[in-house]
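Presented below is the structure to which this report refers.
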Amino acid sequence: MNKNARLTSSLYCSLLLTACETPQSTLAPAGASAEQIANLFWWMAGGAAIIWLAVIGLAVYAVHVNPSPHSEKGSRRLIVYGGIAVPVVVLAGLLGYGLSLMPKLMAPGDGLTISVTGEQWWWRVRYQSPDHRQVETANEIRLPVNERAEFKLASADVIHSFWIPSLGGKIDMIPGRENRLVLEPTRTGIFRGMCAEFCGIAHALMAFDVVVMERSAFDQWLKAQTAPAKRPVSDKARIGEQIFINNGCGACHHIAGTQADGVIGPDLTHVGSRLTIGAGTLPTTIEAFEKWTGHTDTVKPGVLMPAYGMLSSDKLSAIATYLMELK
Ligand code: CUA
Numbered sequence: 018m019n020k021n022a023r024l025t026s027s028l029y030c031s032l033l034l035t036a037c038e039t040p041q042s043t044l045a046p047a048g049a050s051a052e053q054i055a056n057l058f059w060w061m062a063g064g065a066a067i068i069w070l071a072v073i074g075l076a077v078y079a080v081h082v083n084p085s086p087h088s089e090k091g092s093r094r095l096i097v098y099g100g101i102a103v104p105v106v107v108l109a110g111l112l113g114y115g116l117s118l119m120p121k122l123m124a125p126g127d128g129l130t131i132s133v134t135g136e137q138w139w140w141r142v143r144y145q146s147p148d149h150r151q152v153e154t155a156n157e158i159r160l161p162v163n164e165r166a167e168f169k170l171a172s173a174d175v176i177h178s179f180w181i182p183s184l185g186g187k188i189d190m191i192p193g194r195e196n197r198l199v200l201e202p203t204r205t206g207i208f209r210g211m212c213a214e215f216c217g218i219a220h221a222l223m224a225f226d227v228v229v230m231e232r233s234a235f236d237q238w239l240k241a242q243t244a245p246a247k248r249p250v251s252d253k254a255r256i257g258e259q260i261f262i263n264n265g266c267g268a269c270h271h272i273a274g275t276q277a278d279g280v281i282g283p284d285l286t287h288v289g290s291r292l293t294i295g296a297g298t299l300p301t302t303i304e305a306f307e308k309w310t311g312h313t314d315t316v317k318p319g320v321l322m323p324a325y326g327m328l329s330s331d332k333l334s335a336i337a338t339y340l341m342e343l344k
């Protein structure tokens, strides 16, 4: 191996290894179904490696060790065993193993139901609070650990696909149809979900955060989400709220407890408490809110929200301060 090839292969290996530890990896499962899927993957990868070695071994044998012509009987036996019997046994075994996982993957949930709608290019998320009030949030899903949560998945426009690789398998979100998926996270942490079906220009910027918490922390969070938006505290945030309202932002966005009652875009009632904005595009910081509001067209080309580049940086900063205070 020359120096370049060695460098490339070691870079490739380290990339592969870091990929295993990221919050969006099927190989670092943090959910019951993800563990089963990862097991199935390792069994298949192991089986494929053995078969590959056997085939390469046979090829080397035929070319280098014993290149003389083979008898017709021997060749036929090789075809019957190697070409029919072994594949039938291996594939039937894998099929049986895969099917045996299905009942567990399809088992019903423990009671928590979350509706998620894919929209170009973000996620509308709805919870039912214990007192049967609907809580709407966006681009972030919180789950209690070790409980089977049921997702009701729909689409508002084109086909999207809902996938949290660390927690389980993916399923399409199809217009006019409701698909169901049950996921059971097995450890707390922050994971990343992704749209797994090409759905238009900003498909690659259609991600979401998944926060798996202890049950008590989850209850507290859900209770806080049912409350209306906090009133702005700083003067700058108060000015920001006025600019937000005066520029018509409330025609698309809802902020509970204010006159902003739009339904087209993400609910912003508690946007300051979310980990990211723009469906996983930027971290939730004042600078990111300014950048987003002023330059949506370059931050996320294709996004429906117009860029408010005509606002001065002071005004953008005031809006950002207001949004950041919406914890
Ligand atoms: Cu939504 Cu890809």
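Residue numbers for the sequence shown follow our numbering, beginning at 18 and rising by one. Glycine included, C-beta positions come from ideal geometry on N, C-alpha and C. Only a predicted model underlies this, so the values are computations on that prediction, with no experimental measurement involved.
Practice task
Going by CA-CA distance only, name the one from Glu-231, Met-230 and Phe-215 that's closest to Ala-224.
Solution key: Phe-215
Handout entry: Close-in-space but distant-in-sequence residues of the same chain around Lys-7 (CB under 8 Å, 5 per side omitted)
Key = Examination of residue 7 is not possible in this model, given that the chain is present from 18 through 344 alone.
Problem - Of the listed residues Met-341, Thr-203 and Ala-296, nearest to Trp-138 (C-alpha basis) - result: Ranked by Cα distance from Trp-138, the options Met-341, Thr-203 and Ala-296 are led by Ala-296.
Practice task
Examine ligand 1 and report whether any of its heavy atoms sits within less than 8 Å of the Cβ of Phe-225.
Solution key: no
Exercise for the section: Kindly indicate which three-state DSSP category Leu-44 falls into: helix, strand or coil? Expected result: In the displayed model, Leu-44 falls within coil according to three-state DSSP, outside both helix and strand.
Exercise for the section: Report yes if the C-beta distance between Ala-254 and Glu-342 is below 9 Å; otherwise report no. Expected result: yes
Problem - Phe-215 Cβ short of 8 Å to ligand 1 heavy atom set - result: yes
Practice task
Say yes only if the C-beta of Gln-41 is nearer than 8 Å to one or more non-hydrogen atoms of ligand 1, and no if none qualify.
Solution key: no
Exercise for the section: Report all residues from its chain with a CB closer than 7 Å to the CB of Ile-101; omit the five preceding and five following residues, and keep chain order. Expected result: Result list for Ile-101: empty, nothing under 7 Å.
Problem - Coarse secondary structure for Ser-178, derived from DSSP in three states - result: strand
Exercise for the section: List the whole-angstrom C-beta distance separating Val-162 from Glu-231, where the pair is believed to meet the contact cut-off of C-beta under 8 Å. Expected result: 6 Å
Exercise for the section: For Tyr-78, write down the residues that DSSP places opposite it in a beta bridge. Expected result: Bridge partners of Tyr-78 according to DSSP: none are assigned.
Practice task
Pick helix, strand or coil for Glu-304, following the three-state DSSP scheme.
Solution key: helix
Problem - Gly-135: CB within 8 Å of a non-hydrogen atom of ligand 1 - result: If you check the C-beta of Gly-135 against ligand 1, you find a heavy atom less than 8 Å away.
Handout entry: Contact under 9 Å by Cβ, Gly-257 with His-270
Key = no
Handout entry: Cβ-based neighbour list, Glu-195, same chain, cut-off 8 Å, excluding 5 preceding and 5 following
Key = Around Glu-195: Lys-169, Leu-170 and Ala-171.
Practice task
Just mark Ile-272 as buried or exposed, buried being the case when its beta carbon has 16 or more other beta carbons within 10 Å.
Solution key: buried
Practice task
Would you kindly check if the distance between the Cβ of Glu-157 and the Cβ of Val-228 is under 9 Å?
Solution key: Contact check for Val-228 against Glu-157 passes: the beta carbons are separated by less than 9 Å.
Exercise for the section: Leaving aside the five residues before and after Gln-145 along the sequence, list all residues of the same chain whose C-beta is less than 7 Å from its C-beta, in chain order. Expected result: Hits under 7 Å: Thr-130 and Gln-151.
Problem - Inter-residue Cα distance where the pair is Leu-292 and Ile-176 - result: 26 Å
Practice task
With DSSP as the reference, label Pro-120 as helix, strand or coil.
Solution key: helix
Practice task
Would you mind stating whether Ser-183 and Ala-62 have Cβ atoms separated by less than 9 Å?
Solution key: For Ser-183 and Ala-62, no; Cβs fall outside 9 Å.
Practice task
Give a yes or no on contact between the region 303-313 and the region 321-332, applying the rule of three or more CB pairs nearer than 8 Å.
Solution key: yes
Problem - Contained beta strand (DSSP E) runs [length at least 3] in the region 221-280, N- to C-terminal order - result: 224-230
Handout entry: Classification of Ile-54 by the beta-carbon crowding that lies within 10 angstroms, buried from 16 upward
Key = buried
Practice task
Give the range of the beta strand (DSSP E) segment to which Tyr-339 is assigned.
Solution key: Run containing Tyr-339: none in the beta strand (DSSP E); it sits in the alpha helix (DSSP H), 330-342.
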